[in-house]
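K.L.:
Right, I'll just put the structure down here and ask away after.
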Amino acid sequence: MKKSRYYLIFILAAFLPGCDSFLEEDIKTFTDPQKLLQNSAGFEQAVNGIYNAGNGLYNGRNYAMIYGMPSDEMWIPASAGSRWELSIFGFNPTNGDISTAWNAYTTGIARANMVLDNLPAVGTLGIANEKQFIDYKTGEALFLRAWFYFKHMMSFGPVPLLNTFNEVELFPSNSTIPELYSQIISDLTDAEKMLPNWKDSYAQPGRVSRGSAKALLGFVYLAKGNSEAKEANDYSNAAAKLKEVIDHEGYDLWEKYYEAFLPANKNKKEDIFSFQCEANSAVVSSLYTEFNLNPVPTGAARGYGQLPMTFLLYHSFESGDKRVTESLYGTPLVYTGAYVNRKTGATHYVNDRVMHEKYLDPVNGPISHNNQSTNFPLIRYADVLLSYAEAVNEANNGPNNDAYSGINKVRNRAGLAPLSGLSKSQFFEAIVIERWHELFAEGIRWYDLKRWGLLKRAELKEFNPPYIPDFEVQLPKHSVFPIPQPQIDANPNLKQNSGY
Amino acid sequence: MKKNEPFRELLYPTLKKILRIMRIAVILLLFGLLQTQANNAWSQKTKLSVNFSNTELVNVLDQIENDTEFLFLYNEKLIDPARKVSIHVQDQGIEEVLQLLFADTDVKYSILDRKIILSPIENAGTTRQQKSVSGKVTDTSGAPLPGVSVVIKGTSTGTITDIDGKYSLANLPDNTILVFSFVGMKMQEIKVAGNASLNVQLKEEIYGIDEVVAVGYGTVRKSDITGSVSSVNPDDLLKRPATNINQVLQGRAAGVQIKQTQNAPGGDISIRVRGINSYMGSSTPLYVIDGIVGGNINTISPSDIQSIEILKDASSTAIYGANGANGVVLITTKSGDDENLSISFNGQYGWQKIAKKMDLLNAREWAEIDNERSKLLGLTPIWDLNNLPANTDWQDVVYDVAPVQSYDLSSRGGKKVRYYASLNYVDQEGIIDNTDYQRYGFRINLDADISDRIKIGSRLGVSRLINNRMQDEDSYNSKGPAAWVLQLPPVISPYDESGNLKPDLELPTATGSSTFFMNPLHYQTNLIDRQYRTGISGSVFAEIEILEGLYFKPSFNYGLGAAKNGYYKSSKMYHTNLGYQTEASVSSSDSYNWHSDLLLNYAKSFNNGHSINLLGGFIVYKNYQESMSASARDFALDIFDYHQLSAGAVRSSVGSGLSEKKELAYIARVNYDYQNKYLFTFNSRYDGSSIFGVNNKWGFFPSAAVAWKLSEESFIKNMGLFYNLKVRASYGLSGSEALGAYSSHARLSSYNAYNINSSQVIGYRPTSLAVPDLRWEEVSQLDLGLEASFLKGRLALVMDYYQKETSNLFFEVPVPSTSGVSSVTRNTGNLENKGLEININAVISDGKFGWVSDLNIAFQKQNVTNIGTLDEIIKEAGEGGTLQIKVGQPLGSFYGLKENGLWQISDLEGLEKMPKLYGNNVRPGDIRYVDQNNDDDITDLDRVVIGKALPKFFGGWNNTFSFKQFDASVFFDYVYGNDILNADRYHTLAPVRATTNKIKEFKNYWTPENPSATVPRIDSNMGYYFSDGMWIEDGSYLRLREVSLGYSLPSGVLSKMKRIEKLHVYISATNLFTLTNYTGVNPDIDAGGGAPGIFNVEFGGYPTYKTFTLGFNIIF
């Protein structure tokens, strides 16, 4: 054998594969935004990802609880930990539920930014009605960014304002409330022009529509009217926007209150924007589980009873209010449980929890307690009507027929007598009560009390069951939540809200 | 009846011989190891005619075999088949023929039905010439060895050397071979060959100086090792069925800690060499099986293993570069290195039984306490103590005695072409219903000398594993049957009135509502959770001598793996109260990896005492894996298991994946040796890997080591104290890839995101940010070693001190969620491990009695020295407890509230400010936590480190004894100074978990009348946390891991059985007792679910069992 041949083999083999090119990774299991948005289906799927940021916040108890516990509508026993802290305004930056909200909002904003940074130009997708398609998707991304920013700002104050993803600023600083309002209003104003009406032929049920953008814009103006960014025409802008929804978008109330929440009625009539849950999909609802309590003797689905209504709220309903008789299915479901009296330390077994079936999925609920199709309502026509009434009362310095028409339409469905002849403040007080009754467990009460400056109302619930301890709502501290500690730790430029 | 001609003709003579030998074995076994004179009708009926003149005996026998159904069985060495015979008979019986054939020979015959066994007559020697021999036995230094056994091979005749090492034997038959054996020395067989005097030098066996051990990409004489390497020969350890070689390695090598992460059949075993080097990455060493990198330890049959070397220091591991940081386990399988063909059969059968039952409340005790609690809560007690519905001991109900068995058959031999071939089978049933594990495998290893300069060879191992698993076996916060048995109230029966298993268990409570539990028997019976694993790995290689001392060694190594998991939850599982649906899923993956190693090796010794050995090489490696999974729900019929997913009304999920990793490496090694006194080694590897960031694709891993064989120096030699003395030092770098493929990229991943128009739609989301600087974790290690042996090697000591620093440690660094992700993996930490390992080996013997004792101990200390910009990492892992990672502390530091007894009435009386627990007033009988910051409120701020999972030291102590034909072993292993989070204790002692069963200790609960209680008041529903000192326990233990007693048939008896060389029978038992203060079931648990930084959590793990085994080994 020739010895040199072996050397040759060795040397050849050593350099055969080239070098660094062999080490490059050929990626097949994920992609990047530039590639994804060059394709119409990819564009749409990137937008779907923005909606998904709300999963975890809206598909179960979290949203209802975070904005229901620190108010006069809900409470929970001490064994519930972080939720109990919310219930007694004992929350701090390490509260995990508050962190859930922060993460959902910021993730939603980042994903919307990713889409808005990489929008395809008209003519590059090569599909029919391309302008319409790009507008629709862009409008959705703008709406969702505004939605998440609005909720983020209302919850946490002057949060960082980022409107780009590609050159992501990893450690952003706090923004200001006026800057945030201005971004939100600008996004919604654009979105309103790009989105279809929900009945348009190309509109897809489950996606946001022009009505969603207008309604949210109305709510934003209404909140701005009593904020540090307030301007003279906020209330009239709010009233005008909400009136557009009422007059031109084709929404209406269902005949019965509970019909508004039935899975069969989702994305129709009263549902302006809701988080889309479907049984047996990746995004299912477990909401009913949290309101109902195990066990209904006949073997209905089991629940955890995490979101009971306060007795204060329960007893405040006018007699004959169909929202009690119909949403609670006739008989109030009052359950027995063991609780420790925080003042005496004694344990009691009493009838103490008012549970309800607002979010029951009558088809899937009895089969599986955490696999239901109930959507979580995020903008409901009843809210538009009540907000309109409120905006008109403020803009007009007292109720007029328009204001009465809004609130009375809601009261009418509840089987209650129409209101009339109220002063501005009496009308406002009626709005406070009506929203309490109408929008229970929809993640709105804390936000309402906050924008009205009425968070102290939450203290009223201490006179209810004996085991709610003394607690104090401190203002302005409690008008925003603490920024989650992990976020403060991760970002040296982020300032904690005062008092936390 | 015609003979099976084609069959015979096709076979080589050798194979025929094997068949004969095997038949002998079978027959001997069947007849109880006795030779029986058969009397049989058949042989008397048969008549035959034989006509031969001066023909070899073997031809005559063949003719008889062809003409009749007789078959001859004999040993060619004992029955001279070439002997010329003449025979002429007509229609005679076989007896007559045989008489004629073997008249005047020393051969006798036995007829067993159609089989004729030929064997030598015992006293054949009487007709032969007598001889005698004498001589002296010494050791290598020339000192006489008394007590050496000298036996004539094949008999039990022999003697023992006297005080001067002298022996003499008379009456030796021709061709006598003498066997010299002495405990601790290599056995020698020497032909007398007419010599009247025969002096013998026996060589040391324990630390065989000439023993060659495997190191990375080569071998080295053990005495020349400059690094820290532990060698284990598993043959002696396999006294019980082992499904995984790691099971028997536990406690055998200093500094190598092996723990069962799951005791279930087929459960994982963790192995750590010199502690934990990584937080997020794996600390599992690299397995190299016959040079094939990254092999799967589960696929290899322990009986196929020739030797295991565990490379511990950087000098040994640097040659594996970015994969060497966690140590390297080199496994060499058996090859055909004998000229003589041999066949070995091992059989083992054992029984397994739960090692420790928890002492739980019985029905009456449980109900009494439940009634008491009801009274305290103002409710009406519901249990009539004299009329309880059941008294179920759930542990008895769920745990059975289960068999385990293992068999392997192997053969090796050859000269120019050498082979080793084996078949193996293990079948382990679990002590929980419907859990079991089987492995089938075979192996063929071939080596051939093509010419003086060229050798080629191949390795091939094939295995198939089938594992039926316990529900939730993988989950550290398991809710599987092993957790439930401890918690199920004893007042419930698993069966209904008609004796059928209840699907769910209803427990009425005093509040009027019922609680429901899953019935573990029903659950486990109606659930399929099965894993299949198929593995093929093999290599072809060559060794070509190009010039004198220069070798080219190319090899191509290939591994294929297929994995499949099937899961089905049948409709019988459906019950209203717990709301299950039928559910099936299948997931599978197939992978291949190959690497091509091209090595050049040059070795040369110079006359002036210098010798060098150079190695250079180039390696290309690729690993590729594809996977898919699918699941469906709501099956109308139960007949499909998971084989017809399309029958499920709801298709729940479907997915597929791909992962690819590529590496290039250049290796170099220089060994230099001067006068066999001064040894120097330099190892390095230049490693490129696809999985790192674009800025860091290549890394360089050098190491250097020196050793000084002091015992070769005359001043040491002259002392006469040391038999061997060596000091060594090494320092070097190795790396750990720690993360999977694609980790450095920004990723936008698809998933089922949302519903549009009531249908599920796909969405994309960012799942990671780009980290272009991402690189391997790097371990630098200093090792100082001392090897010394005394008393001719009968007492040996190996000590190693090491200091390791992991830098570029991966941490998940939180980033603001405004980036769209929550964290980024960065190389940002440092970790330090220090340790001392000591191994002492002693041989005590007086010729008849031998005792070899091997003790190892490893001290370890770990500190996190840097966690980047973070102050601390608090990791809340639910039932895995809470962990704190902080500079100055080891990983695995349990963090939580420190408990200090219970609040008493007298403590709280008259206090103005009531102590609080998370804002709530405490009451007498509540746990009194230590208020670290004295603010009268126990909160997260009062948390401290309450336990450390990593041990202070651990090791093993093995003793083997031999006395005449008996052998015995006693093996202990121990761990000291590690804490365990006993989550099972939480579940069986915390009053807040009102309805579950409790351990007996619970009876000592607090009441005003029982202030010295250890358990809090039972009406409390507050104040129990997993991160609570109450559930942290000292996990130190000393366990009698294994005892065995064996008997080898004496050679005299064996000689009557002809071809049997060895027959060893034994019994063994594992886990007979454990000394520990730990109250849980498994003090050697290592459950952490694979979550970073979580170790030593016991919750519902498959319990440890005792195993009693009967086994035997036959070698032909």
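As you go down the protein sequences, you meet chains A and B in turn.
Per numbering that gives the first Met the number 0: the first sequence ends with 499, consecutive numbering throughout.
Per numbering that gives the first Met the number 0: the second sequence ends with 1115, consecutive numbering throughout.
The beta-carbon is built from N, C-alpha and C at its ideal position, and this holds for glycine as well.
Please classify Val339 of chain A: does DSSP put it in a helix, a strand, or coil?
P.N.:
On the first sequence, residue 339 of chain A is found 340 positions in, with the first residue counted as 1. Bear in mind that the predicted position of Val339 of chain A carries a pLDDT of just 39, short of 50, making it unreliable; the figure below should be weighed with that in mind. Of the three classes helix, strand and coil, the one that applies to Val339 of chain A here is strand, per DSSP.
K.L.:
Is there at least one Cβ from chain B nearer than 9 Å to Gln486 of chain A's Cβ?
P.N.:
The sequence position of residue 486 of chain A within the first sequence is 487, counting from 1. Yes - at least one Cβ of chain B is within 9 Å of the one on Gln486 of chain A.
K.L.:
Measure from the alpha carbon of Ser818 of chain B to the alpha carbon of each residue in A:Ala222, A:Tyr104, A:Gly53, A:Trp445, then state which is nearest.
P.N.:
By one-based count along the second sequence, residue 818 of chain B stands at place 819. From the listed residues A:Ala222, A:Tyr104, A:Gly53, A:Trp445, the smallest Cα separation to Ser818 of chain B is found for A:Tyr104.
K.L.:
Please list the terminal residues of the continuous beta strand (DSSP E) segment that includes Gln861 of chain B.
P.N.:
Taking the second sequence and counting its residues from 1, the one referred to as residue 861 of chain B is at position 862. Element bounds for Gln861 of chain B: 848-866.
K.L.:
Output the distance between the C-alpha atoms of Lys455 of chain A and Phe88 of chain A, rounded to the nearest integer angstrom.
P.N.:
Position 456 of the first sequence holds residue 455 of chain A. Position 89 of the first sequence holds residue 88 of chain A. One C-alpha to the other measures close to 11 Å.
K.L.:
For the alpha helix (DSSP H) containing Thr218 of chain B, list its first residue and its last residue.
P.N.:
Start at 1 with the first residue of the second sequence, and residue 218 of chain B comes out as number 219. First-last for Thr218 of chain B: 217-220, but that is the beta strand (DSSP E), not the alpha helix (DSSP H).
K.L.:
Check whether the region 588-604 of chain B touches the region 619-632 of chain B, taking contact to mean three or more Cβ pairs, one atom from each stretch, closer than 8 Å.
P.N.:
The region 588-604 of chain B makes contact with the region 619-632 of chain B: 3 or more CB pairs, one atom from each, lie closer than 8 Å.
K.L.:
Check whether the region 327-347 of chain B and the region 790-799 of chain B are in contact - that is, three or more C-beta pairs closer than 8 Å.
P.N.:
no
K.L.:
Between Ala457 of chain A and Gly67 of chain A, how many whole angstroms is the CB-CB distance? I'm expecting something under 8 Å.
P.N.:
For this step, residue 457 of chain A is matched to residue 458 along the first sequence. For this step, residue 67 of chain A is matched to residue 68 along the first sequence. Incorrect: roughly 10 Å between the Cβ atoms, too far for contact.
K.L.:
Only counting the same chain, and skipping five residues up and downstream in sequence, which positions put a Cβ closer than 6 Å to that of Tyr424 of chain B?
P.N.:
Numbered from its first residue, the second sequence carries residue 424 of chain B at position 425. Counting only residues of its own chain and dropping the five nearest sequence neighbours on each side, Tyr424 of chain B has a CB closer than 6 Å to the CB of Tyr406, Tyr439.
K.L.:
Find out if the Cβ-Cβ distance for the pair Pro233 of chain B, Ser306 of chain B is shorter than 9 Å.
P.N.:
For the purposes of this step, residue 233 of chain B is taken as residue 234 along the second sequence, with counting starting at 1. For the purposes of this step, residue 306 of chain B is taken as residue 307 along the second sequence, with counting starting at 1. Yes, Cβ-Cβ distance for Pro233 of chain B and Ser306 of chain B is below 9 Å.
K.L.:
Closer than 7 Å between beta carbons: that is the criterion. Which residues of the region 822-842 of chain B meet it against chain A?
P.N.:
none
K.L.:
Leaving aside the five residues before and after Asn151 of chain B along the sequence, list all residues of the same chain whose C-beta is less than 8 Å from its C-beta, in chain order.
P.N.:
To locate residue 151 of chain B, count along the second sequence from 1; it is residue 152. As written in the sequence, residue 151 of chain B is Ile, which differs from the Asn given in the question. Excluding residues within five positions, the ones whose Cβ falls inside 8 Å are Gly157, Leu168, Leu171, Pro172, Thr175, Ile176, Leu177, Val178.
K.L.:
In terms of alpha-carbon separation, which member of B:Leu1109, B:Ile837, B:Ala583, B:Ile873 lies closest to Val649 of chain B?
P.N.:
Working through the second sequence from its first residue, we reach residue 649 of chain B at position 650. With distances taken between Cα atoms, Val649 of chain B lies closest to B:Ala583.
K.L.:
Beta-carbon within less than 7 Å of Thr379 of chain B's beta-carbon, same chain only, minus the 5 sequence neighbours each way: which residues are those?
P.N.:
Along the second sequence, read from residue 1 onward, the residue named residue 379 of chain B stands at position 380. For Thr379 of chain B, where only same-chain residues beyond five positions count, the Cβ hits under 7 Å are Ser373, Ala509.
K.L.:
Under 7 Å between beta-carbons, which chain B residues line up against Thr504 of chain A? List them in chain order, please.
P.N.:
Nothing in the structure corresponds to residue 504 of chain A, since chain A is present only between 0 and 499.
K.L.:
Are the Cβ atoms of Val283 of chain A and Asn374 of chain A separated by less than 9 Å?
P.N.:
Here residue 283 of chain A refers to the residue found at position 284 when the first sequence is read from its first residue. Here residue 374 of chain A refers to the residue found at position 375 when the first sequence is read from its first residue. Taking 9 Å as the Cβ cut-off, Val283 of chain A and Asn374 of chain A do not qualify as a contacting pair.
K.L.:
What are the residues of the region 918-939 of chain B that lie near chain A, defined by any Cβ-Cβ distance shorter than 8 Å?
P.N.:
Answer set for the region 918-939 of chain B: Gly918, Asn919, Asn920, Arg922, Asp939.
K.L.:
Are the Cβ atoms of Gly534 of chain B and Gly560 of chain B separated by less than 9 Å?
P.N.:
If you number the second sequence from 1, residue 534 of chain B lands on position 535. If you number the second sequence from 1, residue 560 of chain B lands on position 561. Between Gly534 of chain B and Gly560 of chain B, the gap from beta carbon to beta carbon is short of 9 Å.
K.L.:
Say whether the region 645-662 of chain B touches the region 17-31 of chain A, bearing in mind that this needs 3 or more beta-carbon pairs closer than 8 Å, one atom from each stretch.
P.N.:
Output reads yes: the region 17-31 of chain A touches the region 645-662 of chain B.
K.L.:
Leu526 of chain B to Thr298 of chain B, Cα distance in whole Å?
P.N.:
As a first step, residue 526 of chain B must be located in the second sequence, where it is residue number 527. As a first step, residue 298 of chain B must be located in the second sequence, where it is residue number 299. When rounded, the distance between both Cα atoms is 26 Å.
K.L.:
Could one say the Cβ of Gly41 of chain A lies closer than 9 Å to chain B's Cβ atoms, at least one of them?
P.N.:
By 1-based counting over the first sequence, the position of residue 41 of chain A is 42. So, interface residue.
K.L.:
Below 7 Å on C-beta distance, what does Phe170 of chain A contact in chain B?
P.N.:
To locate residue 170 of chain A, count along the first sequence from 1; it is residue 171. Neighbours of Phe170 of chain A on chain B, chain order: Pro815.
K.L.:
Under the three-state reduction of DSSP, which class applies to Pro526 of chain A: helix, strand or coil?
P.N.:
Since the first and last residues shown for chain A are 0 and 499, residue 526 of chain A lies out of range.
K.L.:
Are the C-beta of Arg746 of chain B and some C-beta of chain A separated by less than 9 Å?
P.N.:
For the purposes of this step, residue 746 of chain B is taken as the residue at position 747 of the second sequence. True, the Cβ-Cβ gap to chain A drops below 9 Å.
K.L.:
Where Asn350 of chain A and Asn61 of chain A are concerned, what is the direct C-alpha to C-alpha distance, given to the nearest angstrom?
P.N.:
The residue labelled residue 350 of chain A in the question sits at position 351 within the first sequence. The residue labelled residue 61 of chain A in the question sits at position 62 within the first sequence. At Asn350 of chain A the pLDDT is 48, less than 50, meaning the model places this residue with poor confidence; the figure from the coordinates comes in the next sentence. Those two C-alpha atoms are separated by around 25 Å.
K.L.:
For Ile755 of chain B, decide whether its Cβ has a neighbour in chain A, counting only Cβ atoms nearer than 9 Å.
P.N.:
In the second sequence, residue 755 of chain B corresponds to position 756, counting from 1. For Ile755 of chain B, the answer is yes, since a Cβ of chain A falls inside 9 Å of its Cβ.
K.L.:
Rounded to a whole number of angstroms, what is the C-alpha to C-alpha distance between Pro264 of chain B and Gln473 of chain A?
P.N.:
By one-based count along the second sequence, residue 264 of chain B stands at place 265. By one-based count along the first sequence, residue 473 of chain A stands at place 474. Between Pro264 of chain B and Gln473 of chain A, the C-alpha separation is close to 59 Å.
K.L.:
Interface residues of chain A around Val649 of chain B at Cβ under 8 Å?
P.N.:
Counting from one through the second sequence, the residue named residue 649 of chain B turns up at place 650. Under the 8 Å cutoff, chain A gives Asn279.
K.L.:
Helix, strand or coil for His744 of chain B? Go by DSSP, reduced to three states.
P.N.:
Taking the first residue of the second sequence as 1, we reach residue 744 of chain B at position 745. For His744 of chain B, the three-state secondary structure derived from DSSP is coil.
K.L.:
Looking at C-alpha atoms only, which residue of B:Leu201, B:Ala948, B:Ala787, B:Ser462 is the closest neighbour of Asn862 of chain B?
P.N.:
Within the second sequence, residue 862 of chain B is the residue found at index 863, counting from 1. It is B:Ala948.
K.L.:
Return the CA-CA distance between Thr1106 of chain B and Lys352 of chain B, expressed in angstroms with no decimal places.
P.N.:
Here residue 1106 of chain B is taken as the residue at index 1107 of the second sequence, counted from 1. Here residue 352 of chain B is taken as the residue at index 353 of the second sequence, counted from 1. Cα to Cα, Thr1106 of chain B sits roughly 7 Å from Lys352 of chain B.
K.L.:
Using a Cβ-Cβ cut-off of 6 Å (strictly less than) and excluding sequence neighbours within five positions of Ala667 of chain B, which residues of its own chain qualify?
P.N.:
Along the second sequence, read from residue 1 onward, the residue named residue 667 of chain B stands at position 668. Gly615, Ser683, listed in sequence order.
K.L.:
Looking only at its chain, what residues have a beta carbon closer than 7 Å to the beta carbon of Arg984 of chain B, apart from the 5 residues adjacent to it on each side?
P.N.:
Start at 1 with the first residue of the second sequence, and residue 984 of chain B comes out as number 985. Closer than 7 Å at Cβ, skipping near neighbours: Trp1030, Thr1078, Gly1079.
K.L.:
Which of the three DSSP states is assigned to Arg82 of chain A in this structure?
P.N.:
Position 83 of the first sequence holds residue 82 of chain A. If DSSP states are grouped into helix, strand and coil, Arg82 of chain A belongs with the helices.
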